[in-house]
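Enquirer: Can you keep this structure in mind? I'll have questions shortly.
Numbering (this note's numbering), first residue to last: 733 to 902.
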């Protein structure tokens, strides 16, 4: 089981927020209560793409729910969704970082394999193109992979930042 700090911190500046003194960027964020700010000035600077880590304690999901979320996340990444977005959503949903890291490693390995496969297909297609040029026939092979290893590694950076922020792991 994993846990987060119980105190509330500003997602923009990192200051501690006194109980019942939090501010939010808009009505949506106020309803969610995940991304509190210490003052109205911080709330105005809030950017969900930058300030995506919550300032409050999150509860871990059940093992069954984690399995479902990880299965959906794996499919999304295979279909080309941005890994960083998928990873952030898993963490915010309460999937433990260790399980998210396992998914990242698996997807990173698959992305490397797909990249190697695309390179091989490129070489074979070039050769087939040359042969087809002389024979008057053309056919090409296509790799179905959509994952990019660099994007998966970037998502791992977000996961590392999450662990540092909440003192998990290392």
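Glycine is no exception: its CB is placed at the ideal position from the N, C-alpha and C atoms.
From a predicted model like this one, the values you see are computed outputs, not experimental measurements.
Hey, how far is the Cα of residue 744 from the Cα of residue 833?
Expert: Their backbone Cα atoms lie some 25 Å apart in a straight line.
Enquirer: With a CB to CB cut of under 8 Å and the five nearest residues on each side skipped, what residues in its chain are close to residue 821?
Expert: Hits under 8 Å: 805.
Enquirer: Decide yes or no for the touch test of the region 824-832 against the region 772-779: beta carbon pairs closer than 8 Å, at least 3 of them.
Expert: No: fewer than three Cβ pairs fall under 8 Å.
Enquirer: Please work out which residues of its chain come closer than 8 Å, Cβ to Cβ, to residue 740, disregarding the five sequence neighbours upstream and downstream, and give them in chain order.
Expert: So the qualifying residues of the chain are 748, 749, 751, 754, 768, 787, 788.
Enquirer: So what does DSSP say about residue 749, is it helix, strand or coil?
Expert: DSSP places residue 749 in coil when its eight states are reduced to three.
Enquirer: Since residue 818 and residue 808 are thought to touch, with beta carbons under 8 Å apart, how far apart are those beta carbons, to the nearest angstrom?
Expert: Yes, they are in contact, since the Cβ atoms of residue 818 and residue 808 sit about 5 Å apart, within 8 Å.
Enquirer: With a 10 Å radius around its C-beta and 16 neighbouring C-beta atoms as the bar for buried, classify residue 780 as buried or exposed.
Expert: That one is exposed.
Enquirer: Taking only runs of the alpha helix (DSSP H) that begin and end inside the region 765-843, which ones reach a length of at least 4 residues, in chain order?
Expert: For the region 765-843, whole alpha helix (DSSP H) runs of length 4 or above, ordered along the chain, are 772-777, 795-810, 815-825.
Enquirer: Considering only C-alpha positions, which residue in the set 810, 795, 766 is nearest to residue 828?
Expert: Here the closest residue by C-alpha is 795.
Enquirer: Give the C-beta separation of residue 892 and residue 816 to the nearest angstrom, bearing in mind that I take them to be a contact with Cβ-Cβ under 8 Å.
Expert: Between residue 816 and residue 892 the Cβ distance is about 12 Å, and since that is not below 8 Å, they are no contact.
Enquirer: Hey, could you find the ends of the alpha helix (DSSP H) residue 754 is sitting in?
Expert: No alpha helix (DSSP H) holds residue 754; DSSP gives it neither H nor E.
Enquirer: Between residue 811 and residue 883, which are expected to be in contact by the criterion C-beta below 8 Å, what is the C-beta distance as a whole number of angstroms?
Expert: The Cβ separation is near 13 Å, so there is no contact.
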